[in-house]
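Letter by letter, the sequence shown follows residues 370 to 484 of this note's numbering.
Encoded as structure tokens, the structure appears first; notes follow it.
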Amino acid sequence: DVDLVVGHLAHLLPIRDTIVLRCHPLELERRLARARRGSARERADNVIAEATDAILFEAIETGGRVWEIDTTGLDPDAVARRVAGRIARRGPSRYGRVDWLSDPAVTEELLRLGP
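Here it is in structure tokens:
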């Protein structure tokens with residue numbers, strides 16, 4: 370039996386397991402700009418949150434199992450397949466493999482975006 374909650378506030382609900390969808394910050398910035406989602410400051414805040422693992426840390430704080438899925442370069446169908454596969458497999462938590470800050474282009478972009 371699986372109940373699925375999707376959204377930026379899902380970590381505030383009493384849930385057992387969390388799948389955090391990740392995206393390379395520079396690709397995220399392009400996606401948000403192309404979709405004209407939010408103001409420039411809101412887009413920058415999203416990029417900063419992704420680069421610094423903010424949502425991942427919030428998910429870990431829930432105490433449940435946490436998995437990351439890197440969606441960089443994937444279309445929505447491929448992402449859905451990976452999510453479905455993770456739900457089917459379950460298993461122990463698996464996170465910490467995504468490290469955007471090791472990419473010099475990301476740290477350069479963070480400096481450009483500023484506080």
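The beta-carbon is built from N, C-alpha and C at its ideal position, and this holds for glycine as well.
Hey, out of 480, 484, 378 and 383, whose CA is closest to residue 334's CA? One cannot answer for residue 334 here, as it falls past the ends of the chain, which runs 370 to 484.
Starting from the Cα of residue 469, find the closest Cα among 404, 454 and 477 and give me that residue. 477
Could you compute how far the alpha carbon of residue 449 sits from the alpha carbon of residue 389? 13 Å
Unbroken beta strand (DSSP E) run spanning residue 438, endpoints: 434 to 439
Assigned exposure category for residue 445 - 16 Cβ within 10 Å defines buried: exposed
So, is residue 361 buried or exposed, given that buried needs 16 or more other C-beta atoms within 10 angstroms? Absent from the model: residue 361. The displayed extent of the chain is 370 to 484, so no value can be given.
Using a Cβ distance threshold of 8 Å, determine whether the region 419 to 428 contacts the region 457 to 474, with at least three qualifying pairs required. yes
What residue range does the alpha helix (DSSP H) around residue 424 cover? 423 to 429
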